[in-house]
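**Q** Residue numbers (the numbering used here): 41 to 92. Built from N, CA and C at the ideal position, the CB exists for glycine as well. Before I ask anything, let me first share the structure, which is written out below as structure tokens.
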């Protein structure tokens with residue numbers, strides 16, 4: 041794996057009220073990555089395909 045990808049961090053937020061998640065990447069100075077929303081808020085399904 042490329043060494044730049046080993047230092048990336050993500051914040052996963054789970055909203056219990058409606059079963060959605062959002063993945064954000066905090067900005068890191070001089071990393072070459074802008075940061076921000078990596079995956080917008082969306083519904084999560086179980087492995088069986090049913091909504092949470």
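As a quick exercise: from 71, 73, 91 and 65, pick the residue whose alpha carbon is nearest that of residue 96.
**A** Because the chain here runs from 41 to 92, residue 96 falls outside it and cannot be looked at.
**Q** Cα-Cα, which of 49, 47 and 60 is closest to residue 86?
**A** The residue given as residue 86 occupies position 46 in the chain shown. The residue with the shortest Cα to Cα distance from residue 86 is 60.
**Q** Please check the pair residue 50 and residue 78, which I expect to be a contact at CB under 8 Å, by giving their CB distance rounded to whole angstroms.
**A** Residue mapping note: residue 50 aligns to position 10 of the chain shown, counting from 1. Residue mapping note: residue 78 aligns to position 38 of the chain shown, counting from 1. Indeed they touch by this definition, with Cβ atoms about 6 Å apart.
**Q** Find the nearest neighbour of residue 67 within the set 47, 54 and 84, judged by alpha-carbon distance.
**A** Mapped onto the chain shown, residue 67 falls at position 27. If we check each option's Cα against that of residue 67, 47 comes out closest.
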